[in-house]
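Down below is the structure, laid out as structure tokens.
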Amino acid sequence: MKKLFGTDGIRGIVNEVITPKLSVKLGNALGRFYSGEHKKVIIGMDTRSSGDMLASALASGAAASGLDSEIVGILPTPALAYLTKVNNCLGVMISASHNPAIYNGLKVLEKGKKISDFNEVQLEKLMEEGYNYTTYSNVGKVYYKSELKNVYIDYIVDEYKDIEFIKDKIIVDCAYGAASTIVKEVFDRLKINAQINFTKFNGININEDCGSMNPNILSNMLKNDQIGILFDGDADRCLFVLSDNRIINGDMILSINASKMVNEKRLKKNTVVATVMSNLGFENSLKNNEINLTRTKVGDKYVLQNMIENGYTLGGEQSGHIIFFDKNTTGDGLITALETLISIKKLEINLNNFYEEFPVYPQLLKNVPVIDKKEVMENKKLVDALEELKKNENIRVVLRPSGTEPLIRVMVEGKDKIEVEKTTNDLIELVEDIINE
Numbered sequence: 088m089k090k091l092f093g094t095d096g097i098r099g100i101v102n103e104v105i106t107p108k109l110s111v112k113l114g115n116a117l118g119r120f121y122s123g124e125h126k127k128v129i130i131g132m133d134t135r136s137s138g139d140m141l142a143s144a145l146a147s148g149a150a151a152s153g154l155d156s157e158i159v160g161i162l163p164t165p166a167l168a169y170l171t172k173v174n175n176c177l178g179v180m181i182s183a184s185h186n187p188a189i190y191n192g193l194k195v196l197e198k199g200k201k202i203s204d205f206n207e208v209q210l211e212k213l214m215e216e217g218y219n220y221t222t223y224s225n226v227g228k229v230y231y232k233s234e235l236k237n238v239y240i241d242y243i244v245d246e247y248k249d250i251e252f253i254k255d256k257i258i259v260d261c262a263y264g265a266a267s268t269i270v271k272e273v274f275d276r277l278k279i280n281a282q283i284n285f286t287k288f289n290g291i292n293i294n295e296d297c298g299s300m301n302p303n304i305l306s307n308m309l310k311n312d313q314i315g316i317l318f319d320g321d322a323d324r325c326l327f328v329l330s331d332n333r334i335i336n337g338d339m340i341l342s343i344n345a346s347k348m349v350n351e352k353r354l355k356k357n358t359v360v361a362t363v364m365s366n367l368g369f370e371n372s373l374k375n376n377e378i379n380l381t382r383t384k385v386g387d388k389y390v391l392q393n394m395i396e397n398g399y400t401l402g403g404e405q406s407g408h409i410i411f412f413d414k415n416t417t418g419d420g421l422i423t424a425l426e427t428l429i430s431i432k433k434l435e436i437n438l439n440n441f442y443e444e445f446p447v448y449p450q451l452l453k454n455v456p457v458i459d460k461k462e463v464m465e466n467k468k469l470v471d472a473l474e475e476l477k478k479n480e481n482i483r484v485v486l487r488p489s490g491t492e493p494l495i496r497v498m499v500e501g502k503d504k505i506e507v508e509k510t511t512n513d514l515i516e517l518v519e520d521i522i523n524e
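Throughout, our numbering is defined as the position within the sequence shown, counted from one, plus 87.
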């Protein structure tokens, strides 16, 4: 079982959990575990002030084990994923995504994809063992290559040039994050007339009163028929927002783009991949259009794994991690934004009408703080209660430990709002009783 890695890398408070020492250990473990297979690791980061410190430490640990590093500076996670794919190498993204600046994280990529759970366990074992130093003649080099960001920008522009999509009435929220460094240039080159906001990052304001976790901020700025586009800190997720805080979430974005991809014959096997958190209303909307839905456990890496194993081309999460596998190998906020703007144009969608008509079952998601997630999840009272709820065909329950925080996440969904609320409250009370035993 993994101890450090969660569903999206290693994450925690800077200089408490995410320390230079931890970064040195990870860099050193990468060089040892991938020895003979990879010769370099590309290191990217979002806009947090702790990024440089952690990048330097990571590169130092990698060099000590004989692995070269290329530090590219601030860029989105999907941009780093693309670079590791075209360079056939390793990558580490230093980011805590939607979390505030007090947090940071380390995500390991290989050839465009997040590494497997098995490889994460192996890296943890090497990190626990300590360090291993190569001989002086094999010490790795450290290079600084901020220009590599342009490789991704040029790819995006070339992929979407001369395509018709909505090009005005757009306001963008870059969350003071990594999107701030690329969106304006891409939109300008594609002649998209958009107002780009929340780009003046200072190292500590990432996600602060903006971004995908605070959609009401951008929503309150919208006028008339304007459309809002929300990114998170590392720009691997994207949501759309309308006035009155109406969110076009990942389920809706998948639905819109699935219809377009069917018309373009891009939706392989007429199937979309989503997680257990996606709404039943979304599943029914796909069925009405003769599109299949396959579910995975929570985490875009598991969505991608299912897509690769079965040859699917579209998948994602309700949170806005959307994977267009024929365009990139990971959730890509910028590609999601562009693909959705194209879909709105091609399918002549009025987002206000779409939002009102989209079927959504009552769904509650609440978090319970815990210290020992494993102990709670294995408690017999909780296990028995969840088994009993499986017999109720009118309710769908997903109760799981968070992969990135000390929380138990409780999601309940069903046709009847009162039953959903009661079931949610009963489960929260049960978890809290277990904690207090």
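Built from N, CA and C at the ideal position, the CB exists for glycine as well.
By the 16-neighbour rule on beta-carbons within 10 angstroms, N440 is exposed.
Looking at the DSSP output, V270 bridges to nothing. Here the alpha carbons of K384 and I189 stand approximately 28 Å from one another.
Taking the CA atoms as reference points, N191 sits about 9 Å from V104.
G178 sits close to L167, with the two beta carbons spaced by under 8 Å. Secondary structure at A322: coil, using DSSP grouped into helix, strand and coil. With fewer than 16 other CB atoms across the displayed protein chains lying within 10 angstroms of its CB, Q282 is exposed. Cβ-Cβ distances below 6 Å link K433 to K347 in the same chain, with the five nearest sequence neighbours on each side left out; the list follows chain order.
Of the candidates V447, R135, S143 and S137, S143 places its Cα closest to the Cα of I129. For T94, the beta-bridge partners assigned by DSSP are G96. When V497, D520 and N481 are compared, the shortest CA-CA separation from K504 is found for N481. Rounded to the nearest whole angstrom, the CA to CA distance from K172 to Y121 is 16 Å. If one requires a minimum length of 4 residues, the alpha helix (DSSP H) runs lying completely within the region 204 to 266 are 204 to 216 and 236 to 247, in chain order. In this model, A149 and S233 are separated by some 19 Å (Cα to Cα). Only residues of its own chain outside the window of five on either side were considered, and among them N115 have a CB closer than 6 Å to the CB of Y218, listed in chain order. Beta-bridge analysis with DSSP links K200 to E197.
Put simply, of K198, P163, L170 and N175 the residue whose alpha carbon is nearest the alpha carbon of A183 is P163. Taking C-beta atoms as the reference points, D260 and G298 count as a pair closer than 8 Å.
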